[in-house]
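Enquirer: Here it is, the structure, as structure tokens.
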Amino acid sequence: MLQRPGPAPGAGTVPRTPSLRPVPRPTADEPVVRPDGGSVDRPAAGSLGRASDGAVPRVGVVAGRADLATAERAAARFLHALGIPTTSESLRDTPGRMARAYAELFSPRPFDLTTFPNDEGYDELVLARSIPLRSVCEHHLLPLVGTAHVGYLPGGRILGLSKLARVVEFFARRPQVQERLTRQIADWLQGQLEPAGVGVVVEAEHTCMTLRGVLATGSRTVTSTLLGSLREDARARAEFMMLAGLSR
Ligand SMILES: [Zn+2]
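The numbering of the sequence shown is the numbering used here, which starts it at 367 and goes up by one.
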């Protein structure tokens, strides 16, 4: 199971979502399947344990086993029901492309959770700014696109820098709401690294709002979760917001 940390200190701005369905994890007999259909080593049981356990945990899940053939047939029926025949040459393969595209959007790529001991006792902010973010809103199944700013004040472990982007992708590749996505990234870092503080800000354009519905072209939704000292210490919070380019 994805490890869900307990209630974090200074629980943040977004209500927890106890109704969140955990992403199904492979059982002992199931390999992790990559979006490209290749299979990778199944993570050892409990491999989402804390980063400080010693071995490098491999993080990888599949959103259930995608049944592409069934998804393709359903996509064809969906298009037909909307009055879009798929008989022409250019539309003939569209249902299959739809199925594969959504399967890809809902399959995070496995990655190794590389952490290092914080031997230097570095206690200043570590921040990755403007991490590209692509997800799918779970209400309309339309893309949301934006950026995430993810930072933490280190405790005993520091995380390989590229992993901040991988964590964002890990939680983005599933049907999402932005508030939960923001919270999950922060909670996960809190649970894995036990840092002094965590800050996550997500800014995204939701195409369900900009391409249809209210047609709020150009509007971006901003959500944030601050934990620990980044929530409680006004100076640390201000520094995070300033470095993230969000101070007014
Ligand atoms: Zn939506």
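For glycine and all other residues, C-beta sits at the position ideal for the given N, C-alpha and C. Values in this document were obtained by computation on a predicted structure and should not be read as measured data.
Is ALA505 near ligand 1 - that is, is its Cβ less than 7 angstroms away from at least one heavy atom of it?
Expert: Rather than Ala, the amino acid found at residue 505 in this sequence is His. Yes - ligand 1 has a heavy atom lying nearer than 7 angstroms to the Cβ of HIS505.
Enquirer: Assuming LEU593 and GLY563 are in contact, meaning their beta carbons sit under 8 angstroms apart, how far apart are those beta carbons, in whole angstroms?
Expert: Sure, about 6 angstroms apart at Cβ, within 8 angstroms.
Enquirer: Label TYR518 either buried or exposed according to how many other C-beta atoms from any shown protein chain fall within 10 Å of its C-beta, with 16 as the threshold for buried.
Expert: Buried is the call here.
Enquirer: Are the region 458 to 465 and the region 491 to 506 in contact at 8 angstroms, needing three or more beta carbon pairs?
Expert: Short answer: they don't touch.
Enquirer: Is any heavy atom in ligand 1 found nearer than 7 angstroms to the beta carbon of LEU508?
Expert: Yes; taking the cut-off as 7 angstroms, the Cβ of LEU508 has a heavy atom of ligand 1 nearer than that.
Enquirer: So, LEU547 versus PHE536, is the Cβ gap smaller than 8 angstroms?
Expert: No, the Cβ-Cβ distance between LEU547 and PHE536 is not below 8 angstroms.
Enquirer: With DSSP collapsed to three states, give me the class of LEU527.
Expert: Coil at LEU527, not helix or strand.
Enquirer: Could you give the DSSP three-state label for SER413: helix, strand or coil?
Expert: Low per-residue confidence applies at SER413: pLDDT is 34, beneath 50, and the placement is therefore not dependable, though the value from the model is reported in the following sentence. The answer is coil: DSSP assigns SER413 none of H, G, I, E or B.
Enquirer: Nearest by alpha-carbon distance to ALA467: which of GLU455, LEU559, GLU438 and GLY487 is it?
Expert: Closest by alpha carbon: GLU438.
Enquirer: Tell me the rounded alpha-carbon separation between SER473 and VAL511.
Expert: If I take the Cα positions, the gap works out to 17 angstroms.
Enquirer: Taking the alpha carbon of VAL516 as the point to measure from, which residue in ALA582, ARG532 and ARG523 has its own alpha carbon closest?
Expert: Comparing Cα-Cα distances from VAL516 to each of ALA582, ARG532 and ARG523, the minimum goes to ARG532.
Enquirer: Taking the alpha helix (DSSP H) that ALA552 belongs to, which residues open and close that run?
Expert: That run of the alpha helix (DSSP H) goes 544 to 559.
Enquirer: Between which two residues does the beta strand (DSSP E) carrying GLU569 extend?
Expert: It spans 563 to 572 - the beta strand (DSSP E) in which GLU569 sits, taken as one unbroken run.
Enquirer: How would you write the range of the alpha helix (DSSP H) that PRO461 sits in, first residue to last?
Expert: Segment 460 to 471, the alpha helix (DSSP H) holding PRO461.
Enquirer: Distance check for THR576 and VAL502, CA to CA, integer angstroms please.
Expert: Cα-Cα distance, rounded: 14 angstroms.
Enquirer: Could you tell me if the beta carbon of HIS572 falls within a distance shorter than 7 angstroms of some heavy atom in ligand 1?
Expert: Answer for HIS572: yes, Cβ within range of ligand 1.
Enquirer: Would you check if the distance between the CB atom of THR452 and the CB atom of ALA442 is smaller than 8 angstroms?
Expert: Yes. Within cutoff.
Enquirer: With a cut-off of 8 angstroms on the beta carbons, I'd call ALA570 and ARG549 a contact; round off their distance for me.
Expert: About 14 angstroms separates the two Cβ atoms, so there is no contact after all.
Enquirer: Would LEU508 and LEU559 be called neighbours here (beta carbons separated by less than 8 angstroms)?
Expert: In this structure, LEU559 does not lie closer than 8 angstroms to LEU508 by Cβ.
Enquirer: Could you check the C-alpha separation between LEU457 and SER595 for me, to the nearest Å?
Expert: Cα to Cα, the separation comes out at about 54 angstroms.
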